[in-house]
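The numbering of the sequence shown is my numbering, which starts it at 119 and goes up by one. Note that the Cβ used here is the ideal one computed from N, Cα and C, for glycine as well. The structure appears right after this line, and notes come after that.
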Amino acid sequence: RNNLSILSPDQVELANMLIEMEQSHLFEHWPEPGIDDDEKRAFFDQIQKLNSSYPGGLAAYIKTARELLADSKSGKNPFEGFTPSVPSGEVLTFADDNFLQYEAAGVREARKAAFVLVAGGLGERLGYNGIKVALPSESITRTCFLQHYIESILALQDASCRLVEGECHAEIPLVIMTSDDTHSRTVDLLESNSYFGMKPTQVKLLKQEKVACLIDNDAHLALEPNNKYRIQTKPHGHGDVHSLLYSSGVLKNWHEAGLRWVLFFQDTNGLLFKAIPASLGVSTTKQYHVNSLAVPRKAKEAIGGITRLTHKDGRSMVINVEYNQLDPLLRATGYPDGDVNSESGYSPFPGNINQLILEIGPYMEELTRTGGAIKEFVNPKYKDSTKTAFKSSTRLECMMQDYPKTLPPSARVGFTVMDAWLAYAPVKNNPEDAAKVPKGNPYHSATSGEMAIYRANSLILRKAGFNVAEPVLQVFNEQEVEVWPRIVWKPKWAITFAEVKNKLSGNCSITQGSTIAIKGRDIFLEDLSLDGTLIVNAVDGAEVKVGGHVQNKGWIIEHVDYKDTSEPEEVRIRGFKYNKVEQLENSYDQPGKFSLKA
Ligand code: UGB
119 RNNLSILSPD QVELANMLIE MEQSHLFEHW PEPGIDDDEK RAFFDQIQKL
169 NSSYPGGLAA YIKTARELLA DSKSGKNPFE GFTPSVPSGE VLTFADDNFL
219 QYEAAGVREA RKAAFVLVAG GLGERLGYNG IKVALPSESI TRTCFLQHYI
269 ESILALQDAS CRLVEGECHA EIPLVIMTSD DTHSRTVDLL ESNSYFGMKP
319 TQVKLLKQEK VACLIDNDAH LALEPNNKYR IQTKPHGHGD VHSLLYSSGV
369 LKNWHEAGLR WVLFFQDTNG LLFKAIPASL GVSTTKQYHV NSLAVPRKAK
419 EAIGGITRLT HKDGRSMVIN VEYNQLDPLL RATGYPDGDV NSESGYSPFP
469 GNINQLILEI GPYMEELTRT GGAIKEFVNP KYKDSTKTAF KSSTRLECMM
519 QDYPKTLPPS ARVGFTVMDA WLAYAPVKNN PEDAAKVPKG NPYHSATSGE
569 MAIYRANSLI LRKAGFNVAE PVLQVFNEQE VEVWPRIVWK PKWAITFAEV
619 KNKLSGNCSI TQGSTIAIKG RDIFLEDLSL DGTLIVNAVD GAEVKVGGHV
669 QNKGWIIEHV DYKDTSEPEE VRIRGFKYNK VEQLENSYDQ PGKFSLKA
């Protein structure tokens with residue numbers, strides 16, 4: 119109490135709140151005023167920050183923590199009273215008429231959208247030291263995930279604007295949620311690359327703060343082991359994105375500017391934007407307040423399952439059940455085998471890929487009510503079965519896909535299922551863990567993430583009439599993957615299937631060992647047969663017709679062992695690199711009409 123005299127009135131108020139919340143252990147050890155006063159004030163600076171960055175403040179955090187810790191101790195089932203069942207949603211088949219209609223509707227709507235990338239996670243599972251958005255998504259052009267995402271948004275913006283008569287000034291905003299772990303490196307990546315072509319004013323970074331750790335079931339806050347004037351903190355999870363959008367005023371600005379959709383996405387999925395136009399089309403056509411993107415899920419795959427939960431009292435909601443909770447929930451509710459595949463070879467529950475599309479109006483209304491607070495959970499590791507002590511401190515966590523949990527039953531919550539080959543290939547697992555994934559389940563590694571891009575592009579071109587050779591099976595870092603012809607294109611070349619078809623004509627073909635990189639908007643492939651490597655660069659307005667028979671020794675894939683420290687980390691984790699033996703590369707840096715006839 120003596121020390122209160124050295125604090126500001128706001129800090130005194132917080133100190134009293136902490137005493138009331140039975141947190142006096144935090145300052146019991148404090149020496150008399152005059153000793154360590156700066157440290158004591160710094161301690162309260164941190165308390166102020168923790169208090170202001172949590173909806174309802176620290177008192178609410180401690181109160182919720184006590185409730186959740188008591189539930190956890192008593193073994194309360196979070197799904198008490200609920201029965202799971204398989205929900206019905208919109209299932210899309212790539213390139214059929216329905217898909218094309220949704221795609222067209224999505225592109226029209228895109229200029230009224232805003233994108234939010236959650237990129238505060240460090241990716242411990244991947245074992246990569248950099249920020250994940252800086253990882254190359256593929257190693258032909260070495261375009262990193264962030265560049266790919268920004269170029270995709272810009273391509274969508276242009277495609278959407280082309281549908282407007284007269285001038286279109288739409289600038290689709292992008293928010294990136296960072297954390298202390300990723301913030302400065304994300305800023306550096308953007309600044310040193312001129313925001314990858316986006317206007318700096320179009321991009322906004324919102325940094326999430328960590329939350330206080332808890333030492334016991336009474337939710338006593340933890341001090342750092344080596345600093346008695348600092349609260350120990352840990353990440354709170356991607357669910358923070360909602361309160362940040364709300365408290366920063368960003369959401370309000372978007373709403374007032376007449377935007378209609380917010381699209382959330384994760385840090386390392388190189389396929390995602392192939393699925394965005396059609397799923398936005400589903401949102402607008404079906405008028406979904408919430409639309410989650412999903413893919414067929416393999417049982418035990420580390421992605422949540424989209425589930426209908428029906429309560430005894432009649433309430434019902436469609437929600438993600440996280441991968442570690444699905445199996446126990448099923449076992450407890452009449453499915454003795456738990457999380458298993460059905461005859462189809464897949465789990466009956468669609469897999470959540472954590473790409474959410476929310477309609478801004480209802481979203482804004484809901485956040486005004488909740489302040490952006492998301493249902494949290496706690497996952498303490500207990501010392502023993504008495505559940506009275508923790509092995510290490512714990513904290514509350516939250517997930518962005520739990521947003522619908524507080525919605526009224528009238529909310530229109532739906533989901534859209536796409537083929538996994540088209541929509542989902544995250545890079546999350548390190549080579550050792552990926553090699554242990556059960557056979558037939560996706561690896562979610564840098565190797566599979568890159569190979570999935572080649573496969574998706576091959577399948578898309580095939581669908582458009584391109585003669586694409588069959589893949590071969592190869593093993594990299596002990597993971598067996600299909601190796602398709604290496605086909606990549608810039609998002610501005612084609613962001614929809616309709617655009618892909620517009621860029622092809624005649625009889626085109628590519629052999630299995632070939633590589634093609636299409637790096638320009640106005641490149642048209644016409645009667646091209648490729649056996650080797652072809653790279654075409656063109657500025658906007660340089661209209662290049664590419665055809666004839668291209669043959670050269672090409673780029674050969676070479677194995678790299680992930681333990682080989684002479685290679686850079688980003689190469690080791692994928693397990694291969696290119697030996698660039700020979701290629702045809704042409705660049706067109708002036709507008710005009712050109713022909714590349716091999
Ligand atoms: N992230 C943050 O921005 N802040 C944080 O505090 C934590 C993460 P992970 P995980 O789509 O495959 C999610 O760690 O555990 C960002 C879904 O919960 O990759 O695999 C981070 O940077 C699950 O239902 O998530 O699980 C990254 O961009 C399933 O759908 C994103 O949040 C799964 O993803 C996800 O972080 C999936």
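(request) With hydrogens ignored, establish whether the beta-carbon of Asp457 is closer than 6 angstroms to any heavy atom of the ligand UGB. (result) Looking up residue 457 in the sequence shown gives position 339. Result no, Cβ not under 6 angstroms from the ligand UGB.
(request) For the beta strand (DSSP E) holding Ser203, just list the boundary residues, first then last. (result) Sequence index remark: in the sequence shown, residue 203 carries index 85 (1-based). Element bounds for Ser203: Phe200 to Ser203.
(message) Using only the alpha-carbon positions, how far apart do Gly105 and Glu327 sit?
(response) Look at the range of the chain in this structure, 119 to 716, and you will see that residue 105 is not part of it.
(request) For Glu550, count neighbouring C-beta atoms within 10 Å of its own C-beta (all shown protein chains included) and say buried if the count is 16 or more, exposed if not. (result) As a position in the sequence shown, residue 550 is number 432, starting the count at 1. Burial call: exposed.
(message) Could you compute how far the alpha carbon of Ser684 sits from the alpha carbon of Asn344?
(response) Translated into the one-based positions of the sequence shown, residue 684 becomes position 566. Translated into the one-based positions of the sequence shown, residue 344 becomes position 226. Their Cα atoms are separated by approximately 37 angstroms.
(message) Counting C-beta neighbours from all protein chains within 10 Å, is the total for Arg692 16 or more, i.e. buried, or is it exposed?
(response) Sequence index remark: in the sequence shown, residue 692 carries index 574 (1-based). Buried: at least 16 other Cβ atoms inside 10 Å.
(request) Could you work out which residue in Asp334, Pro291, Leu339 and Ser297 is closest to Lys317 when comparing CA atoms only? (result) Taking the sequence shown and counting its residues from 1, one reaches residue 317 at position 199. That would be Pro291, whose Cα lies nearest to the Cα of Lys317.
(request) Determine the burial state of Val458: buried for a count of at least 16 other Cβ atoms within 10 Å of its Cβ, exposed for fewer. (result) Mapped onto the sequence shown, residue 458 falls at position 340. Counting C-beta atoms within 10 angstroms of its own C-beta, Val458 has fewer than 16 neighbours from the protein chains shown and is therefore classed as exposed.
(message) Tell me the rounded alpha-carbon separation between Pro468 and Ile437.
(response) Translated into the one-based positions of the sequence shown, residue 468 becomes position 350. Translated into the one-based positions of the sequence shown, residue 437 becomes position 319. In this structure, the straight-line span from the alpha carbon of Pro468 to that of Ile437 is close to 11 angstroms.
(request) Please classify Pro468: does DSSP put it in a helix, a strand, or coil? (result) Along the sequence shown, one-based indexing puts residue 468 at 350. Strand, per DSSP.
(request) Would you mind giving the Cβ-Cβ distance between Glu227 and Leu398, rounded to the nearest angstrom? I have them listed as a contact below 8 angstroms. (result) Position 109 of the sequence shown holds residue 227. Position 280 of the sequence shown holds residue 398. Confirmed, Cβ separation roughly 5 angstroms.
(message) Whole angstroms are fine: how far does the CA of Leu646 sit from the CA of Gly489?
(response) Sequence index remark: in the sequence shown, residue 489 carries index 371 (1-based). Sequence index remark: in the sequence shown, residue 646 carries index 528 (1-based). One C-alpha to the other measures close to 56 angstroms.
(message) Which residue marks the beginning of the alpha helix (DSSP H) containing Val305, and which one marks its end?
(response) Locating residue 305 in the sequence shown gives position 187, where the first residue counts as 1. Start and end: His301 to Glu309.
(request) Label Ile137 either buried or exposed according to how many other C-beta atoms from any shown protein chain fall within 10 Å of its C-beta, with 16 as the threshold for buried. (result) Here the question's residue 137 lines up with position 19 in the sequence shown. Ile137 is exposed by the Cβ-count criterion.
(message) Tell me the residue span of the alpha helix (DSSP H) that contains Trp539.
(response) Translated into the one-based positions of the sequence shown, residue 539 becomes position 421. Taken as a continuous stretch (DSSP letters only), the alpha helix (DSSP H) holding Trp539 covers Ala538 to Ala541.
(request) Locate the alpha helix (DSSP H) running through Phe391, then write down its first and last residues. (result) Translated into positions along the sequence shown, residue 391 becomes position 273. Here Phe391 belongs to no alpha helix (DSSP H), and DSSP marks it neither H nor E.
(request) Would you mind working out which of Thr319, Glu568, Ala340 and Gly224 sits nearest Thr403, comparing C-alpha positions? (result) Translated into positions along the sequence shown, residue 403 becomes position 285. For the options Thr319, Glu568, Ala340 and Gly224, the alpha carbon positioned closest to that of Thr403 is the one of Gly224.
(request) Can you tell me which of Glu289, Leu272 and Ser511 puts its alpha carbon nearest to the alpha carbon of Leu332? (result) Here residue 332 corresponds to residue number 214 of the sequence shown, with the count starting at 1. Nearest option by C-alpha distance: Ser511.
(message) Please report the straight-line C-alpha distance between Leu218 and Glu617, rounded to a whole angstrom.
(response) Taking the sequence shown and counting its residues from 1, one reaches residue 218 at position 100. Taking the sequence shown and counting its residues from 1, one reaches residue 617 at position 499. For Leu218 and Glu617, the gap between their C-alpha atoms comes out near 11 angstroms.
(message) Taking a contact to mean a Cβ-Cβ separation below 7 angstroms, would you say Gln164 touches Ile349 in this structure?
(response) Translated into the one-based positions of the sequence shown, residue 164 becomes position 46. Translated into the one-based positions of the sequence shown, residue 349 becomes position 231. The answer is yes: Cβ separation under 7 angstroms.
(request) Identify every residue that forms a DSSP beta bridge with Lys546. (result) The count along the sequence shown starts at 1 and reaches residue 546 at position 428. None, per the DSSP bridge assignment.
(message) With a threshold of 6 angstroms (Cβ to nearest heavy atom), would Val236 be considered close to the ligand UGB?
(response) Counted from its first residue, the sequence shown places residue 236 at position 118. For Val236, the CB falls within less than 6 angstroms of some heavy atom of the ligand UGB.
(request) Mind listing, in chain order, the continuous alpha helix (DSSP H) runs of no fewer than 4 residues lying wholly within the region 577 to 620? (result) The qualifying runs are 615 to 620.
(request) Taking only the alpha-carbon atoms, compute the straight-line gap between Thr451 and Leu427 and give it to the nearest angstrom. (result) Position 333 of the sequence shown, counted from the start, is the residue given in the question as residue 451. Position 309 of the sequence shown, counted from the start, is the residue given in the question as residue 427. Between the C-alpha atoms of Thr451 and Leu427 there is a straight-line separation of about 11 angstroms.
(message) Check whether the region 404 to 421 and the region 554 to 564 touch, using three or more Cβ-Cβ pairs below 8 angstroms as the test.
(response) Touching, yes.
(message) Please return the same chain residues whose Cβ sits closer than 7 angstroms to the Cβ of Leu540, not counting the five positions on each side in sequence.
(response) One-based indexing of the sequence shown puts residue 540 at position 422. Cβ neighbours of Leu540 beyond the five flanking positions: Phe212, Leu389, Lys392, Ala393 and Ala574.
(request) Rounded to whole angstroms, what's the CA-CA distance from Thr425 to Glu676? Just pull it up for me. (result) Translated into the one-based positions of the sequence shown, residue 425 becomes position 307. Translated into the one-based positions of the sequence shown, residue 676 becomes position 558. Distance between the alpha carbons of Thr425 and Glu676 is about 43 angstroms.
(request) Return the bridge partner residues of Val662 from the DSSP annotation. (result) Translated into the one-based positions of the sequence shown, residue 662 becomes position 544. In the DSSP output, where bridge partners are listed per residue, Val662 has Ile641 and Phe712.
(message) Spatial neighbours of Lys554 within its chain, please: C-beta separation below 6 angstroms, excluding the five flanking residues on both sides.
(response) Here residue 554 refers to the residue found at position 436 when the sequence shown is read from its first residue. Excluding residues within five positions, none has a Cβ falling inside 6 angstroms.
(message) Relative to the C-alpha of Thr738, which candidate in Tyr453, Gln701, Thr534 and Ile674 has its C-alpha closest?
(response) The chain is shown only over 119 to 716; residue 738 falls outside these bounds and no answer can be derived.
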